[in-house]
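Visitor:
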Amino acid sequence: MSDESGTTHRAAHLELDERVASRLRDHLPVVAERTVSAIIAEVPAYSGGALTGAMRAKIENAVRIALGTFLQLIEGAQAIDPSTPLAPALEAAYALGSGEARSGRSMDALLAAYRVGARVAWREVSTTTVRSGLSAGTVAEFAELMFAYIDELSAASVAGHADELASAGRVRRRELERLTQQLLAGEPEETLRRSAERADWPLPQTLTVVLLPRRNLRAVLALVSPHTLESGEDLPGMDPAEELAVLLVPDMHGGRRRQLTRLLAGHRAVLGPARPWHRVGTSYERATRALALGLGEPDAGPVDTEHHLAELLLSLDPEGLADLRTQALRPLASLPPATAHRLAETLRSWLLHQGRRDDVAAELFVHPQTVRYRMGKLRELYGDRLHDPATVLDLTLALALPPTPPA
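Quick note: the sequence shown uses my numbering, first residue 14, plus one each step.
1) Quick one: Cα of D330 to Cα of D336, how far?
2) Distance, Cα to Cα, A102 vs I52?
3) Could you give the distance in angstroms between the alpha-carbon of A149 and the alpha-carbon of G112?
4) Tell me, please, whether the CB atom of S145 is closer than 9 Å to any CB atom in chain C?
5) With contact counted as at least three CB pairs below 8 Å, one residue from each stretch, are the segment 353 to 364 and the segment 374 to 387 in contact?
6) With L261 as the anchor, note down where its beta strand (DSSP E) starts and where it stops.
7) In this structure, how does DSSP classify G426 when only helix, strand and coil are distinguished?
8) Cα separation between A282 and R185?
9) When DSSP builds the beta bridges, which residues end up paired with L224?
10) Which same chain residues, not among the five before or five after R338, have their C-beta less than 7 Å away from its C-beta?
11) Output the distance between the C-alpha atoms of G294 and L197, rounded to the nearest integer angstrom.
12) Using three-state DSSP, classify V33 as helix, strand or coil.
13) Within the same chain, show all residues whose beta-carbon is closer than 8 Å to that of T204, passing over the 5 residues directly before and after it, in chain order.
14) I need the straight-line Cα distance from R299 to T221, nearest angstrom please.
15) Just how far apart, CA to CA, sit M120 and I163?
16) Please report the Cβ distance between E243 and T318, rounded to the nearest whole angstrom; I am assuming they are in contact, meaning their Cβ atoms lie under 8 Å.
17) Under a Cβ-count criterion, where at least 16 other Cβ atoms within 10 Å of its own Cβ denotes burial, should A25 be classed as buried or exposed?
18) Compare the beta carbon distance of V44 and A134 with 9 Å and say whether it is the shorter of the two.
19) Can the beta-carbon of A258 be found closer than 9 Å to that of P226?
20) Return helix, strand or coil for L242, following the three-state DSSP convention.
21) Within the same chain, show all residues whose beta-carbon is closer than 8 Å to that of R392, passing over the 5 residues directly before and after it, in chain order.
22) Would L41 pass as a contact of L80 if the rule is Cβ separation under 9 Å?
23) If we ignore side chains and look at the alpha-carbon of each, how far apart do L248 and L277 end up?
24) What does the alpha-carbon distance come out to for the pair T409 and L342?
25) Below 8 Å on the Cβ atoms is my contact criterion, and I expect A413 with A323 to pass it. Report the Cβ-Cβ distance as a whole number of Å.
26) What is the C-beta distance between A209 and S170, in whole angstroms, given that I count them as a contact (C-beta under 8 Å)?
27) So what does D317 bridge to, in DSSP terms?
28) Please classify E332 as buried or exposed, where buried requires at least 16 neighbouring CB atoms within 10 angstroms.
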């Protein structure tokens, strides 16, 4: 650490004879011990045994380094490289700031310790300088220099604290991104637990996948749990042109699912099912399949896959569904396409409404007599098979989705 600072330049103009310097050096261990004792007594964060053993020794050593470096500055010792006279003290101060960040503490306690330490150290040092017969002007200059020096040490600690937080934040973000990828890829539970521990991520009971446009990501993140995970890159199965984000929202199962849907009101989103946290990959698979099928209306708010299970199930084997449809509707194959479509549409409605003619007519916007005529035609084509449970099952599955009108 280099320190092209005002403290170094000021020290060059302050002369301290060897007799006074020797007394100050001899007094350093006492000053360090009294400084640390005062910090323990006056700074709550370091009281109650928080500053004992190795930690206390580390603080005392930092105080001795700081005071020793200060004395070297004002002695003008030529043996010291003039470009780096503050390096040891600044490095120790930087390390103190980093340590506070790693301990989960803010800089408030350490800055308070600097204030207490400066006061105590100056009281001890000034007593020695006054007793040594230094002039009032020199003592005042000494004081100005010492407090400027403390400011530089404080700034170094603040920098160490900030750098440690930034570094820890980057590491945690990487760990969270890695965990997200592993969850969506369906890694073994033990692997996921280790990754969650490294990322300091609390394990939820369930996770729910939400797909939404990236432009809405910040707004939605502000509404959901702070432990929500998000993808940091395009994922397998996602179309980069869609510019979609993937969220893994914790513990939105049961009645809380409705709460999640309300939170997403006004946003285009697709919700997968809530799954045990280590099996969230299946929620992702269902949400992406719903997205690919285009379920829901584009401007109708979030699409809840729980309301589209039949379509999702039937989409698992499109060729199988097409074969079943062809087989089940074979009696209509010889008819003109428009006629076959009308009869298939009527048969679907009849099955869904369990033969209630008026309900079928209302859905199709036709007269009940029209429904009666069409069902008569279908009975001619299918005969008794319309009463066969196996045939009814095949027809129900084949016509679960509305038949496509002829071109």
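For every residue, glycine included, the Cβ atom is placed at its ideal position computed from N, Cα and C.
Bear in mind the structure is a predicted one, so any value in this text is a computation, not a measurement.
Guide: Well, looking at it:
1) Counting from 1 along the sequence shown, the entry for residue 330 is found at position 317. Counting from 1 along the sequence shown, the entry for residue 336 is found at position 323. Distance between the alpha carbons of D330 and D336 is about 10 Å.
2) Here residue 102 is taken as the residue at index 89 of the sequence shown, counted from 1. Here residue 52 is taken as the residue at index 39 of the sequence shown, counted from 1. Our two residues, A102 and I52, have alpha carbons roughly 19 Å apart in a direct line.
3) As a first step, residue 149 is located in the sequence shown; it is residue number 136 there, counting from the start. As a first step, residue 112 is located in the sequence shown; it is residue number 99 there, counting from the start. Whole-angstrom Cα-Cα distance: 39 Å.
4) The displayed structure is made up of one protein chain only, and chain C is not part of it.
5) Yes, since at least three Cβ pairs between the segment 353 to 364 and the segment 374 to 387 fall closer than 8 Å, the two stretches touch.
6) As a position in the sequence shown, residue 261 is number 248, starting the count at 1. DSSP places L261 inside the beta strand (DSSP E), whose first and last residues are 257 to 263.
7) The structure shown does not extend to residue 426, since the chain is modelled only from 14 to 420, so the question has no answer here.
8) As a working mapping, residue 282 is identified with position 269 in the sequence shown. As a working mapping, residue 185 is identified with position 172 in the sequence shown. Here the C-alpha atom of A282 lies approximately 27 Å from the C-alpha atom of R185.
9) Residue 224 sits at position 211 when you count from the first residue of the sequence shown. BP columns for L224 point to V259, V283.
10) For this step, residue 338 is matched to residue 325 along the sequence shown. Excluding five sequence positions before and after R338, the CB atoms of its chain that fall closer than 7 Å to its own CB belong to A411, given in chain order.
11) Working through the sequence shown from its first residue, we reach residue 294 at position 281. Working through the sequence shown from its first residue, we reach residue 197 at position 184. Going by the C-alpha atoms only, they are around 4 Å apart.
12) Residue mapping note: residue 33 aligns to position 20 of the sequence shown, counting from 1. Of the three classes helix, strand and coil, the one that applies to V33 here is helix, per DSSP.
13) Numbered from 1 along the sequence shown, position 191 holds the residue referred to as residue 204. These residues qualify, in order along the chain: Q195.
14) Taking the sequence shown and counting its residues from 1, one reaches residue 299 at position 286. Taking the sequence shown and counting its residues from 1, one reaches residue 221 at position 208. The straight-line gap from Cα to Cα measures roughly 11 Å.
15) By 1-based counting over the sequence shown, the position of residue 120 is 107. By 1-based counting over the sequence shown, the position of residue 163 is 150. Spanning the alpha carbons of M120 and I163 requires a straight line of approximately 15 Å.
16) The residue given as residue 243 occupies position 230 in the sequence shown. The residue given as residue 318 occupies position 305 in the sequence shown. That pair is no contact at about 19 Å.
17) Start at 1 with the first residue of the sequence shown, and residue 25 comes out as number 12. The predicted position of A25 is uncertain, since its pLDDT is 46 and thus under 50; a value taken from the coordinates is nonetheless stated next. Exposed is the call here.
18) Walking along the sequence shown from the start, residue 44 turns up at place 31. Walking along the sequence shown from the start, residue 134 turns up at place 121. For V44 and A134, yes; Cβs fall inside 9 Å.
19) Counting from 1 along the sequence shown, the entry for residue 258 is found at position 245. Counting from 1 along the sequence shown, the entry for residue 226 is found at position 213. Yes; because the gap between Cβ atoms is below 9 Å, this pair is in contact.
20) Translated into the one-based positions of the sequence shown, residue 242 becomes position 229. In the three-state reduction of the DSSP assignment, L242 falls in the strand class, which pools E and B.
21) Here residue 392 is taken as the residue at index 379 of the sequence shown, counted from 1. These residues qualify, in order along the chain: L399.
22) Taking the first residue of the sequence shown as position 1, residue 41 is located at position 28. Taking the first residue of the sequence shown as position 1, residue 80 is located at position 67. It is a contact, given that the beta carbons lie within the stated cut-off.
23) Sequence index remark: in the sequence shown, residue 248 carries index 235 (1-based). Sequence index remark: in the sequence shown, residue 277 carries index 264 (1-based). In this predicted model, L248 has a pLDDT of only 47, less than 50, meaning its place in the structure is not dependable; the value taken from the coordinates is given anyway. The alpha-carbon atoms of L248 and L277 are separated by roughly 22 Å.
24) The residue given as residue 409 occupies position 396 in the sequence shown. The residue given as residue 342 occupies position 329 in the sequence shown. For T409 and L342, the distance between alpha carbons rounds to 11 Å.
25) Locating residue 413 in the sequence shown gives position 400, where the first residue counts as 1. Locating residue 323 in the sequence shown gives position 310, where the first residue counts as 1. About 6 Å separates the two Cβ atoms, so the contact holds.
26) Within the sequence shown, numbered from 1, the residue matching residue 209 stands at position 196. Within the sequence shown, numbered from 1, the residue matching residue 170 stands at position 157. Not a contact, Cβ separation roughly 32 Å.
27) Position 304 of the sequence shown, counting from 1, holds the residue named residue 317. L284.
28) By 1-based counting over the sequence shown, the position of residue 332 is 319. The residue is exposed, with fewer than 16 neighbouring Cβ atoms inside 10 Å.
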